[in-house]
Every structure is written in C-alpha cells, then in structure tokens.
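Protein chains: 4
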Amino acid sequence: MNNKVVDSRISPVGHLDALSRGEINKLLKNNQGNLYQLFRSCALAVLASGNYSDDGKALLEQYKDFDIQLLVQERGIKLEVMGAPAEAFVDGVMINGIAELLFSVMRDILYGHEKQSFPCANSEQATDAVFKILRNAKLIRPNIEPNVVVCWGGHSIRREEYNYTKKVGYELGLRGLDICTGCGPGAMKGPMKGATISHAKQRHTDGRYIGLTEPGIIAAESPNPIVNELVILPDIEKRLEAFVRVGHGFIVFPGGAGTAEEILYLLGILLDPANEPIPFPLVFTGPESAREYFQQIDDFIGITLGEKAQHRYQIIIDDQQQVAATMRQGINDVRAFRKREADAYNFNWLLRIDHDFQQPFEPDHQNMAELKLNKDQPAHKLAADLRRAFSGIVAGNVKDQGIRAIEQHGPFKLQGDTAIMEPMDKLLQSFVEQQRMKLPGTEYHPCYQLVK
Amino acid sequence: MNNKVVDSRISPVGHLDALSRGEINKLLKNNQGNLYQLFRSCALAVLASGNYSDDGKALLEQYKDFDIQLLVQERGIKLEVMGAPAEAFVDGVMINGIAELLFSVMRDILYGHEKQSFPCANSEQATDAVFKILRNAKLIRPNIEPNVVVCWGGHSIRREEYNYTKKVGYELGLRGLDICTGCGPGAMKGPMKGATISHAKQRHTDGRYIGLTEPGIIAAESPNPIVNELVILPDIEKRLEAFVRVGHGFIVFPGGAGTAEEILYLLGILLDPANEPIPFPLVFTGPESAREYFQQIDDFIGITLGEKAQHRYQIIIDDQQQVAATMRQGINDVRAFRKREADAYNFNWLLRIDHDFQQPFEPDHQNMAELKLNKDQPAHKLAADLRRAFSGIVAGNVKDQGIRAIEQHGPFKLQGDTAIMEPMDKLLQSFVEQQRMKLPGTEYHPCYQLVK
Amino acid sequence: MNNKVVDSRISPVGHLDALSRGEINKLLKNNQGNLYQLFRSCALAVLASGNYSDDGKALLEQYKDFDIQLLVQERGIKLEVMGAPAEAFVDGVMINGIAELLFSVMRDILYGHEKQSFPCANSEQATDAVFKILRNAKLIRPNIEPNVVVCWGGHSIRREEYNYTKKVGYELGLRGLDICTGCGPGAMKGPMKGATISHAKQRHTDGRYIGLTEPGIIAAESPNPIVNELVILPDIEKRLEAFVRVGHGFIVFPGGAGTAEEILYLLGILLDPANEPIPFPLVFTGPESAREYFQQIDDFIGITLGEKAQHRYQIIIDDQQQVAATMRQGINDVRAFRKREADAYNFNWLLRIDHDFQQPFEPDHQNMAELKLNKDQPAHKLAADLRRAFSGIVAGNVKDQGIRAIEQHGPFKLQGDTAIMEPMDKLLQSFVEQQRMKLPGTEYHPCYQLVK
Amino acid sequence: MNNKVVDSRISPVGHLDALSRGEINKLLKNNQGNLYQLFRSCALAVLASGNYSDDGKALLEQYKDFDIQLLVQERGIKLEVMGAPAEAFVDGVMINGIAELLFSVMRDILYGHEKQSFPCANSEQATDAVFKILRNAKLIRPNIEPNVVVCWGGHSIRREEYNYTKKVGYELGLRGLDICTGCGPGAMKGPMKGATISHAKQRHTDGRYIGLTEPGIIAAESPNPIVNELVILPDIEKRLEAFVRVGHGFIVFPGGAGTAEEILYLLGILLDPANEPIPFPLVFTGPESAREYFQQIDDFIGITLGEKAQHRYQIIIDDQQQVAATMRQGINDVRAFRKREADAYNFNWLLRIDHDFQQPFEPDHQNMAELKLNKDQPAHKLAADLRRAFSGIVAGNVKDQGIRAIEQHGPFKLQGDTAIMEPMDKLLQSFVEQQRMKLPGTEYHPCYQLVK
C-alpha cells in the first residue's frame, strides 16, 4: 500500500512543562526498557486522525516507516516525525490541533504509563492515580463551574445518527456545556462539531473538547483535532473512571458493544447502594431510527439488572433541545449537591467505585470463560461482569491484542444463566444486524460464542 | 401574526468604550432629532438573525412592539429590549454573540450615522471616513498579518451551493485565513461556519468573522451570531469601500443581482489604470451546478467590459482546496507588495477609488433612467454605471425604500446600447429562472424594465 | 552646553490605534499649518524626564537639534528621534516607559489639540471635550471600581517631604488605590514610587499611574516613566477638570503657587451650592515640618473663603496610614453615592463646574490686573479669581510664554481688598522664604507685585 | 510578649493545582505522620515577613497559638489561619503577595518534603529532584530568555550597603534582568525593590522576583512579599543547587558567614575541572565602605584556593552601572554558550555538581570536627569542606537546631592546617567586628572555636 507521507519538525504547542534529562531518555528510541514503542504507536494514531479504520493492527503496518524523535534544544524539545500520514498536514505544515495532541501523548506516556508509576493496591490509590494523571494533563482545573457532558456512542454510526449527535452538541453548546468523549469519529466527533458552532455563537471561547482514551483503543478511535484536551489513560479501567469522575452529565448515543460496555459500567457503579444519593444525569438518545435500538437495550437492562437500574437513566428520542435542557437541569442539581457536600466541582470524589471495577480486566480466553453471568449476586456485581464480557468483545473486534488472540484461539466462549445469555444473544445479534460491530461495509465475523 | 417575544436586560459584551452623556442622549427614544429610530430598526434586524426574510418592511411590521432602551448605570450602560424575537435567546438568556452584535450596532450608529459626522467632499475624505468608522469599530488592528478573505455571493442560494461555501470556508480556515462577508445567510454564513471548524482544529482561537453591512440591507441580511466583528457602515458605497480596503483576497460565490453589483463594483475599481499594478486576488467559484452561472457572468463581462476585465479574476469550479490555495498564494503576494510599498497591512490605502464610486447612489426612478449604459466611455466608468443599475435592482427587490418606490411608480426603466442591454437582459433572466432574485419559493415580480 | 544625545527608531508601545493618512500628515514636519512644532516640544519634554529644570524655555534651547519624525510602514508607524537626550536610553535602547509616553503624546496632540477639534461654547460641551479626550486616551475604562487618588503638591519639595509622599503612596497602594498626578518630579513622583512597591506586594499588577499634563507645563514637569497613562490635555482648564472628573479622592502635599492654584480651583467648585451633596474626599498632608505650611494655607482660606470652605478638607500631619485609611473610606462613600445616583464610576458627571472655570485664562498683564480679588461676590466666584491669580504667578515662574511676558513688561500687578491682599502677600512671602517658588538653590525673582 | 494577631480565611492566590484527597490528608493537623508541623512553621515564617529576627526559635515561641488549617470546598481548598502576625494584613485583609507565598509553602511541602519523595542515590538523581521540585513550582518555564541574576549577601547589612543593593537592582531591572535571592531582608530584599521600580519603567510587567529557601532558614530570612516565585527546597544543598542551575548571572554583596558559605560553594563547583569551559558570570560588589571586606575575602580565597579560584570572579566597588553591564554581557555569553551546546536556557544541565556537594551536611559537633581543612586535596574538595564549615557556623548562629546544639554542647570545634586556619580566623574575626554575624545591635557569642 502506498501512502502519502510527510517528514516534519514541530515545536511544542499547548502548555507543556519542561522535561528533565531523565524523562527525555525514556522516550528515546535506542534506550533500553523505555517507553518509545508505546509513544510511537499512540503518536501514529493521533497523526492518522482522518484515517478511520477499526482494525488496530492495520495502522502500524500501513505506516511501517513512521518514526518519531525528540530533539533537545536550548528552549526545550521539538519532535521530529518521519513518514507521517499526509492528512495531518496542510501545505506541509502540521495542523496545530494535531501537533497539540502529539505533545499530549508525549506528556501522558511519560507520566502515567510506567508500571511502577502508580501503585493501585486499593480503591483510594487507584482513584488517586486517575486524579493525578488528569491533573498532570491540566484537566483538573481549580475554578470551574460544572459543565462537562460526557457523550458516549458508536464510532461507526450512520449518517443520520451522526447528524443527530451534531444537533445535540449544538444545543449543549448553546447552554454553555462542554463536551467530553472517547475522542474518535462518529458519536465522539459529532457533539464536538455541533458545540464548536454554538460555542462560537455564545463567545464561549474557552470551550473544552475533552478526549479520554487509552493505548489499546486510540488506533481505532483516533482523536479528531477539535479535541483540545486529550488524555491517554494507561488502561481501560482508568479511562472509564476518568469519565465518571470528570463528567457532570452523561449522554449515550447509539453504538455497538463498546457502548453497551460503557452503559453497564455506569450502571454497575450507580447500583452500588453507596451511590444511591448521588445525582448523576444520564440520558440515552438518538434520532427516530434509533428508537428500537434503545428499546432493546432498555429491555436487556430490565431483564438482567432490574427496574432499579432502569430508573437511573432517561430515554429521549429525536429531541435535541429536550436532551440539552435535561442535561442543563441535571448538572444544576449536581452543582447544588456538590456545593452542599463540599465535593469538588472538578472531580467526583464522593462516587464510590468498587476496587473490582478499577482492576484491569485482561480479556483472554480464560478470563472471558470465567465471568459470572448469573443472578446469584447483587445487581452491581452482575453489571460488572456483563461489562467485562462486552469489554472482551470490543477487544476481539478492534484491539490489536484481542484480534491476534481470536486469530489464534478462535472466538471467546461466554457462559451463564439462560435468563441472561438469551437476551444477551438477542442484543448482540441485533448489533450485528444493524452493522454496529464494525465500520459499515465490512463483514462481521463474531469474536465470541455464547455457551447457553 | 403571533410571534414569540422576550423582554430582557443585557450587559455590555465585547470591548465597548464608555459613552458620554451627550452620546447617550442621541439614542434616547424621546430625544428630538436623534438616532433612535435607526438604532431600533438595526437592533431588531440583529435580534431576528434566525428569521430570514428578504422583505425589508416585513420585519418592522412583524415586531411592532419591539423597543430598545439605554439604561445608565454606575458601571456604564445596559440595554433593555422589549418584545424581542425569541430566537435570539436560549432559556431566556440572550445568545452572547447576538448581544455583542447589538452593542456593535449601538456603537456604529452613534459614531458614523449622523449626516454631519464625516464630510466627504473628495475621495480622500470619503476614504478617511471609512477608515475612521472601521477603526472606531476596532476592525483596523495595529499588528496583523494579511489574512482576510472577503466572501461574496447570494444570501438565498441552494443547499448544495451552501454546502460548497462551507467547504471553501473550511479550507480557508485550515490555511489560517479569516472570513469577511456581508453577514447574512447563504454564501455569507457558510464560509464562516466552515472556517469555525477548521479554526478550532488549527487552534486559531482569535478567528475573525467580519460582517460589513448598512442600515438598508441589514434587515434582509441579518448578521448571523458567528460574526464577531460587525460594522454598520452608513451607506452602501462606504460598505463596498470597506470591503475592498479591508480584504486581502476576494471570493465570489453564486448569487443574484447583489452579487453582480459587487462584481461590477470591483471591476470598476480594478480597471482604473491607476490600480493596474496592485495585486488583488479574485476568484469566482461554486459547485459543479454553478458552472453555467459563472459562464454567463463571464460572458457578460467579456462583452461589456472586455478581456482586460476578465483577466482580473479566475473561475474555479468545484475545487475548494484549489480555491483556498489560490487565495493563500494571492494573499502572500499582497503581503509582499504592501511590504515593498510600505502600504498598511490592515487597510489598502494605495487602491485608488474614484470619487464617483464613493458617492451614494439614490436608486430612484430618475437616477436609474439616467444611467449611461453605453460603451462611449472608459470601461471603468461603464462598470460604475452597470454597478448602479444592479444596485437599484437590489433596492427594488429587498430594500424598504426601494420596494415602496416600485409599489408607487412601477418598475425602474433602464436604457442603453443594445450591445449592453441584450446581454444584461439575458443575465437578469437567467437570475430569475435560477430563482436568484428572491428567497426560493417566492414568486419574483421584476422591479425593472430594460428599454432597448 | 554639550549634551549627550542619541538617535533612535522606536516601535509603537502600548495600545495604539492605527493612524489614517490624513492624521499622519498633520504631524509631518514639512506640512503647513500642522501640529509638528507642538508635537516636537512635548516629545522633547517626555524624553528629558530625568532632566528637571523649571525653566520652560531652557529645554528647547538645550536640545536645539532635537527632531522627531513619523515613518510609515506596512505594520503601522514608527517614530524616529534624532538628537534625543541620552538619559531616555539604556545601552542605546529607549526605556520602554518613555517610548510609551512618546506615543501617548502623539495620540493626544492628534486628537485634541487642533483649535476646531472641540467646540466648548457651554459647560456641557467643555465637559464632553474633556471626556472624549480622556476616553480616546483609554483613561475612561468601562468596568472599574473607584480607586483613583489624585496627588497634588510641589515638584520642587525637600527630601523629607518627598520621602513622606513615597510613604503615603505606599500606604495607598497597599489599600488597592491607584495614583494620579500632574506627572513631574517631587510630590508627583513620590506617591507613584511608593505605590509601585506596595502594588507589587499586593499583586495589583494593573496598577494605574496616571499623569495629566498640558503643553505649557510639560517641559517643567516632565512625566516620569512610571506613569503608564499619560494624557496631554490641550489647556490648563481642561487638565484641572480632568483631575476632578477622574479622581475619586484627593491629597494635597506641600507645594508652591501651583499647589495653591489647585486648592483654590477645587474649593471654587466645591463651594458651588450645586455641589454641596457630592462627597469629595480631600486631605492636605505632609511630614511634621510641613505643619506650619498647611496652617498658613488654612488661615488664608479661612480669612478669604470662610469656614464653609475649611469644612471641605481635612489636614493630617505626619501619619501616612491615617491619610490612606481616610482616602479608602472616603472613596467607599464616593462609590456608594455614585451607585445610588447611577453616576459613572469612571467620570464624575454630577459635579457641576461653572463655565467660568472651564474657559482658558490667558495670564497676560491686563487680565491679571483685572482680576476681582474682593469679597463682593459669592465665595466660589472669589475662589475662581484667586485661582487665576495663582495660575498667572505659576506662568510667570515657569511657563515659556509667561517668562517672556515678565521679561518684557515687568511683574504682573494684582489688586484687591486689603483683607485679601494682605493674607495673600503673607502667603506668597512664606512660599518664597520656604523656597517653594523655584527649584531649591535658584534665587527667586518675583513675577508679581501686589497693589494693596 | 503581646503580639497583635489576626484570624482569617484566605482563598488560593496564584496558579495552584487542585489537591487530591490524599494530599490534603497529609497536611491535616490530626493526621499521624503527616507534614503538618513543617507546614505550620514555614507558614508562620512567611506571615512574619516584616518581623525580622535571626533567632530561629524565637518566632515559634512568639506565636505559640498560631494555627493553620486546610478547608475543603467545592471549588478547591482554602486556608484558615488563626493567631497570625498582624503585619501580614492591611485593614484585616491579608496582603496578596503573602497569601501567594503561603500557598507556595503548601505546594512545596506537599511535593518535595517527604523523605521518600525523591531518591538521591547519585548526582543525576539529586539534580533530577531539584529540577522536578522547581518545575512543580512553575519556576522552570518553557520559553524564557536567560535573564536571572542571583543576588547573594547578608540579611543584616548596614543602611548604606542596603541602599547600594537597591541601586544595583534598579540597574539590573533597567536591563531587563530578573532577580533571584535567598528571599530575606537586607541584600536579599534591596535588589528586588530596586528592580521593581525599573521594571515598572521598562514595562517589564512579568518581572520575576524569585526566592529560594529551605525550612531551616526560612524563619530567619522570611521572604518579603515582593517575591513572586517562592520555592521551599527540602534542604540547604538542594537550595544551593537550585541557585546555580536556575541563575544565569551571580552577584555577591557583603554579608557574613552565610555569604562566605555561598561563595565557597560556588568556587567548589567552578574549580571542578569538568566545569572549566562553562561561562558563569560572577561579581562581588558593594559600596566604597565594603572595599576592605571584599579585599579580605579575596585574600582568603587566594591563600586557601589559589589564583585559579580568583579568576572565576570580578570585584567591582561602588559602580552599579558597571555591575549591571557586566551581568548583561556575561548573560549574553551564557546564552550563546547554551545555544551552541543545546543546553536549556531554564536549567543549567551541563554544570557538573559532585555528589559530595549534593549530600546534606548535618552540622553537628562530630561532623564539624571531622572536616578536612587542609591542602592535601584538590582545591574543589577543600572548597567543599570550607563551605561546610561556614554552613555549620550559620546553623549555630541562626538555625533552630544549631542554636540548641550549641546551647547544649558548647561551640563547634574546627581544626586544620595553620595555613588555612589562620586566615579563616582572621576572616571570621573581621565578620564579628563588622557586626556581620548577627543583626546589628545584638552582641555576638561565637558558636565555633578554631583549633589551630
């Protein structure tokens, strides 16, 4: 394959702290035991932001000669890229937003991606790690008003669903709300585009377009350059925790297995009795054509986790103003609650997240097979294992490591109560039929098998 | 008719100088000989920005009870609006961009709209007046790089033409270029929307979306709130001069009579022998469907003004990147030229504009009838009268006063050489057929009659 | 005399609007009827800021070859100085603060110093002129808290008095107050130096050091470079009005005839019955050694203007904290009053200034002789003529024109009631004895003669 | 003793990162093993900034009831102080600069003062620790020009020496140079005051007044509130290293034992053969009256460390302009060198500092007795031990722990070559005679004894 590529040298963009000589060493190519490979692959994902593919392996193979180097200079460092995807440049100059993301990648890889960086022996330590990584990325600001809406949903949605996410983003922006997503295409890009226009109209000049990602997903969901605060969390659990600690309101657009994973993660936390009093605005929404999709999700939740879980969210179909007004009101309630409890506006300390939810889940064949998908446990525990099941399916679909495992050992095997496995089967089948498992146009080969 | 309206009190937005007691008096409703009525009608146009209509009279009748008042306070003034169009507000709060535009209206009405404000006895004085009005509006900044692209074209264009203007705006913005338009809908809004997205990606945070208008046109081409630098020039000639003095590059999208007027105005100036050495990037562009339209314009220019005129512009069809690259290069040339000649980057002093072009043209029946539409004169003089002819047609189509005149006295009569009148007839007919004279969907009753 | 001089080219400093070609012409040397000479002499005064002399003629003679030129460039103008006093430069580069003042001079000369610029046929027009000149100089800011303390007093005071003014300035600055003076040495510099230190400690980073001057006095009271907002009013009456409209609190340090003039100006206004309800904090202060001086002033006021006048001020000796606390409290009262009356925080519109006070007083021999220094008139009218008498004495002491008049026609003759002339004689004598008429070390030849 | 004290609650000043719940716990009073006591004593030192004493124990005893608490709120933290010295407040409100310093103390105590924070097993690690502490304090900025002048000298110097330090600071500031000191009174305050005035004149609005201190010295050399970048390093060695890594030029004013310590530290590093090529501008300066003092220092250096050491500095007497011009030139050379070597402008990475110099020296009786004060070693090793000797004397004079040790065990005993001990004796005697060991007016009881 013949790609257009560019070589270039770029100066730091954004607020970047100086690096020590020790830190610089960790990113150098020829340094043993360093972070260079991780840096290179995340950097490539950022540079390929227009080049959507959800095959994690493909990108690295496509740009085999891509290289990135730190240059030390009297005023700080520069980055030199070689063989970089041409679409990151205009007339030979890197798009500023992409350059900024590149330096964010560098910053985060250095700070939080060494195994020993953050001990996470208990829930407090894990939360502390998430906080410090976000703070180091300047995401935790001292004097904000609650206004961050997390938007979740598929990266490979249909045009009309995409347009709807733009309209929702526009209405959120009109109401002074900022956007946080997983920072890829589709439902992760639409709200940002919409909000960009309304922020301009509202002179909301410091609009935040937050993207939270992790090394395993970044290649498939490459951050679009509107994102002006990107954080690469070290693993998927820290990424999910970052979303719930940083967001003030939550919207779920149509998506596939990844979206289901996110919904189950949220419900697992919200069903924890300790979190009952905490306000947490959560809306599932899409255009008219997505009505059935959300009906299926709602049914699945009702059957598996019960009515209590269903009370934690609201479904609004095809009414972007209603969605935005609901978020605005919900966030006002969050603000009042935090003020009363002296909980920080910029980080949801009070929300209890079980240590179980924070521990990395390695979606290999054994772990997938051992998930407890039955009702002999509290709802929030079941939600946790359901979340893991969907997480594994996402890995098998789009993550480099997951794809290789499936190639080698065949599909993951999942087993559990029929009362859970049957609705799950139905839900996954509908995702496949609706082409929500892969980018439209590609044929889907399931990476899982339900053992009923 | 039953409109949703809102009453509200708004604080100054944007950089606004303090007002003297004398200035405040001029805007008060009950002050004799004041500027109140002008202020009220322009303010209403700004507030009705979503409410596109091109009937200048309609708006004032639709919002009969609309009122606006200055309130004097210890920290400066506030504005109180009563009976204002509801679409200017979100959840009862005025959209910030609209509030900013409202204060711009106030600023400009005060500064440049009293007859005696600026004597314009000769070309120098007229240019000085334009400069001072723009400077007072903070449009003339001390330390800029040339990057302002003026985009002209119809306010009532088709969806696909509109989408194309967005794409062009996006590509301009990617190259660090700012947008200046007549600030209504259609071709005046699309480039700004497109550039807003690419400016975000380029972190071009101080992107300028300049709108230049005048009291006679503002109601029909209400500024959209993305506009962050609005200037209400006192008359159409000063508005046109402002465009050519402030812009560094010029793009013409498809439009109707107004667009033809603008093209003829430009050519009238550029054909002046004194302006021959001055670089002036000018591109006519549209999607594939506009190819024929520009062919007709090009033919008309060739026949009436000659080949020299045709050399002053370039026609590019359906290639937004080519358009943007041409502008970027053209503006680089402008920069080099101004640097060499020590002409200001922020105001094109060297361009000679004949005093003829600066004097307000009152498009009444007599003046229209007396236009010299024949070839017994230098091309730039003919261009000037052709420009006036189209200006009168625009007035008869959409301006309050023009519409009333036509209602009273019947269509304007235009006469001249057959070699001019026939192509003109053909051009105007094609505008009518292509529904470029009025907002699509309304039937067009010609306001002119060509006497061949 | 052999002065060290420097040639240099300087770029604009501070917020400077672009100039039109017409404006630039007015400042060019070879342009007839222009403002060049005025510009040159004021510019020289600014450049000679360390070079204190109070002989208005001397400076121009000392730097005969000094020249200043505008250079037009693509990014705006530059100034070229030739034969400029070397003390304005450090290692060949002009001190930034001085460069800023130079551009302020240019701005003000252009705006307000053409005779026809501002008609002042009545009190409203004169006030409007003062407002617009200050606004053009960005002195009238939209969103301030009242905090400007005007400090008056001699430019040629003793070391211990000077040190005291520094201490007062320090205490004012600690309380968040800004300083406004006539911007020369002595009592006009000390408070600014003191406040600079305390503003640094309070992180009051946008501290304002306002200097108000006029062409006749600027050479003798050259602005020190701490001044970061300089305005050259066109005449002494507008300068005095600017002080009282812009200041929120007023302190008078020991001085000479100029200080007496300022005190009488204030009392003339404050004794106007229309101004009775307006709060106007006014303190006379100095170190212990100045106790007698203020006693003499107080006596003179008591005898000539009566007890009511004495109630308008407070005398505080040798207690800088008490002075600052009194100002802080007084300004709080001013704030409350303006808020209640909806009078602007940035300009004292409500204060009535009689048109008499606004009209330039030409201190020639005839006008001086005709002053009505008797008690057959309201106190505020007498104060006005007493003010004029002292104004004439200042002119005869230090102003170019005044000095020449005295050289030609001998001392001014003043006559009036013995009950006024005798205390006046005593007061002036004490000024002479205390060396308050001239810079210490020079012998004083009286420029006036009291005809009792 | 009866002190005026104030209770107050203060909001964060300066750029302060949010704190995690874990970090907040470390500063709470009732938390075991925490940093509270350290925080309290440093905070008190900052609050007592006007209250100069050089008895480290006195302050804590004087304000026994002083307490400081963190309050957690929705927008971040506040600090509550009880029983704080009244001089930190104006009209009941804490001086902003002091509040800022207080939050700096909090930041640094949290970051670098836990034993385990930074392993320093070798020179690289120790340097890395210094870098990270400074970076965390925002002292290491990404895009600076070299302009930091470190000023050392006594905190208890005479009026005329103090005035001279102000004049030097003024001249440095005129040349765009910033000031870094140990941040107490005397020679550490004068240059900052002088530079504040000239920075104002040069519109150098972001002037840096850097103070580097450590917990053992802060009480005796309380930072004055002009300091706008304060860092509390964890120990004296890191503090000294911070000076040499951050400064671009170095000035030594007259002082006592502490100043001698600093000079010896510098020479110890500069005599290291590895540092020979590195430019390092170093000037000793004072008014005429200090000529003899520097003669004695120079002699002592010549005798003990040799001529090579003497070549590393320049002595300039009573010529502030010469000092400033020398610094300006020297720093230009530093800039050229770093550019050539691609060494950072903001941190002197290339300077080699032996691990010996980085290890904390505990000045107890045994360690002092064991110092090798003889010539059987390279000059830079001898310089290191001489530095430790003076360091111990400073501790015995003004540090809490040192004073207690002397009270208990009598004076430190120092021994070595006569060729060193005799000149040292002479030097120390002259310090005592010139009252440079203690604040003038207090009798000095030597804390050391030279065993010859």
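Residue numbers (the numbering used here), protein chains in the order written: chain A, 794 to 1245; chain B, 794 to 1245; chain C, 794 to 1245; chain D, 794 to 1245. C-beta: ideal position from N, C-alpha, C; glycine also.
Using beta-carbon positions only, say whether residue i and residue j come within less than 9 Å of one another.
i, j, result
"Asp1030 (chain A)", "Gln1194 (chain A)", "Asp is not the amino acid found at residue 1030 (chain A); the sequence shown has Glu there. Going by C-beta atoms, Glu1030 (chain A) is not nearer than 9 Å to Gln1194 (chain A)."
"Val943 (chain C)", "Ile1044 (chain C)", "yes"
"Arg868 (chain A)", "Pro935 (chain D)", "yes"
"Arg1128 (chain C)", "Glu964 (chain C)", "no"
"Asp901 (chain A)", "Gly876 (chain A)", "no"
"Asp921 (chain B)", "Arg814 (chain C)", "yes"
"Tyr957 (chain B)", "Phe1087 (chain B)", "no"
"Val1024 (chain B)", "Ser842 (chain B)", "no"
"Ser916 (chain A)", "Ile1146 (chain A)", "yes"
"Ile1213 (chain D)", "Leu1166 (chain D)", "yes"
"Val799 (chain B)", "Ala881 (chain B)", "yes"
"Tyr1002 (chain D)", "Leu1033 (chain D)", "no"
DSSP three-state label for residue i, please.
i, result
"Arg1229 (chain D)", "coil"
"Leu1005 (chain B)", "strand"
"Tyr1241 (chain C)", "strand"
"Lys871 (chain B)", "strand"
"Val806 (chain C)", "coil"
"Met794 (chain A)", "Residue confidence is low: Met794 (chain A) scores 44 on pLDDT, short of 50, so the model does not pin down where it sits. Its coordinate-derived value is still stated next. Coil."
"Ile1010 (chain B)", "helix"
"Ser801 (chain C)", "strand"
"Ala914 (chain B)", "coil"
"Ala811 (chain A)", "coil"
Quick one: which chain B residues come within Cβ less than 7 Å of residue i?
i, result
"Lys994 (chain A)", "Ile888, Gly890, Pro1018 and Ile1019"
Going along chain C in order, which residues have a C-beta closer than 7 Å to the C-beta of residue i?
i, result
"Thr998 (chain D)", "Thr998"
Using a Cβ cut-off of 9 Å, pull out every chain D residue sitting near residue i, in sequence order please.
i, result
"Tyr1138 (chain A)", "Glu867, Arg868 and Gly869"
What residues of chain A sit near residue i, judged by a beta carbon separation below 7 Å?
i, result
"Glu893 (chain B)", "Arg996"
"Asp1126 (chain B)", "Within chain A, no residue comes near Asp1126 (chain B); the closest Cβ sits about 16 Å away, beyond 7 Å."
Can you name the residues of chain A whose CB is closer than 8 Å to the CB of residue i?
i, result
"Glu1034 (chain D)", "Under the 8 Å cutoff, chain A gives no residues; its nearest Cβ is about 14 Å from Glu1034 (chain D)."
"Thr989 (chain B)", "Thr989, Ile990 and Ala993"
List the whole-angstrom C-beta distance separating residue i from residue j, where the pair is believed to meet the contact cut-off of C-beta under 8 Å.
i, j, result
"Ala1177 (chain C)", "Leu1098 (chain C)", "In fact, because the Cβ distance is near 11 Å, the residues do not count as touching under 8 Å."
"Leu894 (chain A)", "Val1020 (chain A)", "7 Å"
Worksheet item: Is the region 799-807 of chain C touching the region 870-877 of chain C, taking contact as three or more C-beta pairs under 8 Å?
Response: yes
Worksheet item: Any chance the region 1043-1058 of chain D sits against the region 1181-1189 of chain D, with 3 or more Cβ pairs inside 8 Å?
Response: Contact annotation: the region 1043-1058 of chain D touches the region 1181-1189 of chain D, with at least three C-beta pairs closer than 8 Å.
Worksheet item: Taking one C-beta from the region 1002-1019 of chain A and one from the region 973-986 of chain A each time, how about it: are there three or more such pairs within less than 8 Å?
Response: yes
Worksheet item: Should the region 1060-1068 of chain B be called in touch with the region 1089-1108 of chain B, which here means at least 3 C-beta pairs below 8 Å?
Response: Three or more Cβ pairs closer than 8 Å define a contact, and the region 1060-1068 of chain B meets that threshold against the region 1089-1108 of chain B.
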